[in-house]
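Notes to accompany the following structure.
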Amino acid sequence: MMLKIFLIVGLLLTTNFCLSQDTGKNEKIISVMSTVYFETDSDQFYHDSRKTIEDLFLFKNGSVVKQIILTGFCDEHGSNSNNKDLALRRVKNVQDFFNSKGNFDPSIFEIHVRGELNPSDLEYFEGDYQLNRRVQINVSYEYPDSTLLNRNRDSEVIAVESQEKSLQKISSKITDSLKLNDKLVFNNVIFYPGTHRLREISHPVMDSIINSLMIHKKYEIEIQGHICCNGLNEPGLDKDTGQWNLSTARAEQIKRFFVKYGLDPTRFTTIGKMANFKTGKSDFYDRRVELHITAIRENETEKE
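Here this note's numbering is used: the first residue of the sequence shown is 46, the next is one more, and so on.
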């Protein structure tokens, strides 16, 4: 597990699929993600999804599309072989729509066919077939002028701390000297608006947090979920589930990550803080979780 985490972090730090990366030529590579959904046993995405794809072309001003990754998913209905075929057809239709808008070089497309998801997969939405019938889209752009990344602090192309710098900070935050009621805040554990889905930039940060918590295993932690834009004590709507529990859903999603990758579930509780504790920075940073140390297991020894 430890080796897997280091490999994942290393890979994400050396490829172009972090949110912002220097190319050494006064250029930036950025990546944005979106999703389109489908009817049962259909390869035709919802009409409303057309705007979802078209919005990916708003980032112009000299940008060049370098890569488009399309990943197709299905719900549990049907056989595995049929679902693989259906997922491929869904991806191809999304690719065709891209080409109708931009006539892209075929070499920039990377196609992945996942087909039917297992309930144990983190991408799986339990009890909601519609959300599992989807194509995930990742588009990477090259910008000749890095100042463009700062034009909107609440957009998919926000300029944030480099991944390397963030990962270094995590190791300095999670140490064996934390005290009861200490709170850990990570600027790059951020969610997409209206959902409990983590932004891509958050995944290597999560890997580093998990790694540190494996080493420093004496802490019991309350995972506190936050939302951005409501008034005091107003719950947020989770667009993925239709439930009014968005801040709690974000905290529970982080716990699922922790438990899936080997951390003791008895160490973690979750709570939704709604929009009652805003950062004062921007909506982008308010869509977050924080870790609150609620107990210290003195009999636990630190991992060598």
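Heads up, the beta-carbon is just placed ideally off N, CA and C, and yes, glycines get one too.
Would you tell me roughly how many angstroms separate the C-alpha atoms of residue i and residue j, rounded to the nearest one?
i, j, result
"residue 325", "residue 232", "13 Å"
"residue 295", "residue 264", "20 Å"
"residue 301", "residue 310", "9 Å"
"residue 122", "residue 128", "8 Å"
"residue 320", "residue 275", "6 Å"
"residue 235", "residue 244", "6 Å"
"residue 195", "residue 186", "Because residue 195 carries a pLDDT of 46, less than 50, the predicted location of this residue cannot be relied on, and no value is offered for it."
"residue 219", "residue 226", "14 Å"
"residue 57", "residue 285", "Residue placement at residue 57 is flagged as unreliable, the pLDDT there being 30, under the threshold of 50; the coordinate-derived value follows with that caveat. Cα to Cα, the separation comes out at about 26 Å."
"residue 144", "residue 109", "15 Å"
"residue 322", "residue 289", "18 Å"
"residue 156", "residue 78", "15 Å"
"residue 180", "residue 150", "20 Å"
"residue 247", "residue 308", "18 Å"
"residue 142", "residue 80", "14 Å"
"residue 15", "residue 134", "In the structure as shown, the chain starts at 46 and stops at 349, and residue 15 therefore has no counterpart that could be examined."
"residue 271", "residue 100", "26 Å"
"residue 280", "residue 242", "17 Å"
Based on DSSP bridge pairs, tell me the residues matched to residue i.
i, result
"residue 114", "155 and 183"
"residue 412", "Since the first residue shown for the chain is 46 and the last is 349, residue 412 is missing from the structure and cannot be characterised."
"residue 298", "Partner(s): none; residue 298 has no beta bridge."
"residue 160", "118"
"residue 283", "288"
"residue 303", "The partner list for residue 303 (beta bridge, DSSP) is empty, contrary to what the question assumes."
"residue 85", "DSSP, once it has assigned bridges, lists no residue as partnering residue 85."
"residue 80", "181"
Against chain B, does residue i count as a neighbour if the rule is that its beta carbon must be under 8 Å from one of theirs?
i, result
"residue 184", "The structure shown contains no chain B; it is built from a single protein chain."
Return the first residue and the last residue of the beta strand (DSSP E) that residue i is part of.
i, result
"residue 228", "228-235"
"residue 142", "Careful: residue 142 lies outside any beta strand (DSSP E), inside the alpha helix (DSSP H) at 125-147."
"residue 313", "313-317"
"residue 269", "264-270"
List the endpoints of the continuous alpha helix (DSSP H) containing residue i.
i, result
"residue 248", "247-260"
"residue 27", "With the chain covering 46 to 349 only, the question about residue 27 has no answer from this structure."
"residue 244", "Taken as a continuous stretch (DSSP letters only), residue 244 belongs to no alpha helix (DSSP H), as it is neither H nor E."
"residue 327", "No alpha helix (DSSP H) contains residue 327, which DSSP labels as neither H nor E."
"residue 97", "94-99"
Tell me whether the beta-carbon of residue i lies closer than 8 Å to the beta-carbon of residue j.
i, j, result
"residue 138", "residue 90", "yes"
"residue 140", "residue 162", "no"
"residue 136", "residue 117", "yes"
"residue 338", "residue 258", "no"
"residue 268", "residue 313", "yes"
"residue 315", "residue 297", "yes"
"residue 120", "residue 177", "yes"
"residue 153", "residue 182", "no"
"residue 292", "residue 318", "yes"
Counting pairs of Cβ atoms below 8 Å between the region 223-231 and the region 329-339, do you hit three or more? yes
Is it true that the region 86-96 meets the region 240-255, where meeting means three or more beta-carbon pairs spaced less than 8 Å apart? no
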